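Here the structure comes first, spelled out in structure tokens, and everything after it is commentary.
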Amino acid sequence: ESDVVVRFEMRDELVGNFTRGNLHGGVISSTLDVVGGLVAFISLLKREGVQSLEDEAEKFSRMGTIDLRVDYLRPGLGQSFSARGFVLRTGRKVAVTRMELHNDEDSLIAVGTGAYSIS
């Protein structure tokens with residue numbers, strides 16, 4: 007079960023191929039990166055506990071993407087999309103996540119693996 011699910015509707019601004027109306031690859035990778043970062047942050051909060059809002063904002067501001075791999079499995083066609091992420095491992099300094107993007111017909115559009123600095 008994922009701690010984070012991001013849903014969004016297709017809009018003209020998100021189109022990469024105007025002939026087919028595909029979701030832009032950059033939108034796909036950015037979405038997967040955001041979801042991966044969020045699940046990494048949530049895993050850090052679960053491990054360390056929630057402190058003050060200022061402390062959590064400081065932790066979040068220090069996080070960063072170390073590595074992101076995206077596999078585009080099929081064209082990004084659909085009226086809406088959902089991305090979810092899962093933590094594979096959380097270490098002292100790095101969290102590794104797995105992300106998936108599905109369309110409104112539940113077709114798997116892309117998968118990603120991300121490594122995030124959490125120290």
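Residue numbers (my numbering): 7 to 125. Each residue gets a CB set at the ideal place from its N, CA and C atoms; glycine is no exception. Note that the coordinates shown come from a computational prediction; the quantities given were computed from them, not determined experimentally.
Report, in whole angstroms, the separation of the C-beta atoms of residue i and residue j, which I expect to be a contact under 8 Å.
i      : j      : result
Val56  : Glu64  : With 8 Å as the limit, Val56 and Glu64 do not qualify as a contact, their Cβ atoms being about 13 Å apart.
Gly141 : Asn109 : Outside the displayed range of the chain (7 to 125) lies residue 141, so it cannot be described from this structure.
Arg13  : Ser113 : Wrong, their Cβ atoms sit about 15 Å apart, outside the cutoff.
For residue i, tell me which candidate among the options has the shortest Cα-Cα distance.
i      : options                      : result
Met16  : Val33, Val100, Gly42         : Val33
Tyr122 : Leu51, Ile115, Thr103, Arg80 : Thr103
Ser67  : Ser35, Phe24, Ser113, Gly43  : Gly43
Gly91  : Gly97, Asn23, Thr119         : Thr119
Ile72  : Ala89, Ala101, Leu94, Leu51  : Ala101
Lys99  : Glu19, Arg53, Thr25, Phe24   : Arg53
Val11  : Asp39, Thr96, Phe24          : Asp39
Between the C-alpha atoms of residue i and residue j, what's the straight-line distance to the nearest angstrom?
i      : j      : result
Ile48  : Asn28  : 31 Å
Ser125 : Ala116 : 28 Å
Gly31  : Gly82  : 8 Å
Arg75  : Ser86  : 23 Å
Gly22  : Ala46  : 28 Å
Val41  : Arg80  : 20 Å
Ser58  : Asp9   : 21 Å
Glu19  : Asp77  : 22 Å
Within the 9 Å Cβ cut-off, does residue i reach chain D?
i      : result
Asp110 : The structure shown contains no chain D; it holds only a single protein chain.
Quick check: residue i and residue j, are their CB atoms within less than 9 Å of each other?
i     : j     : result
Thr37 : Leu94 : no
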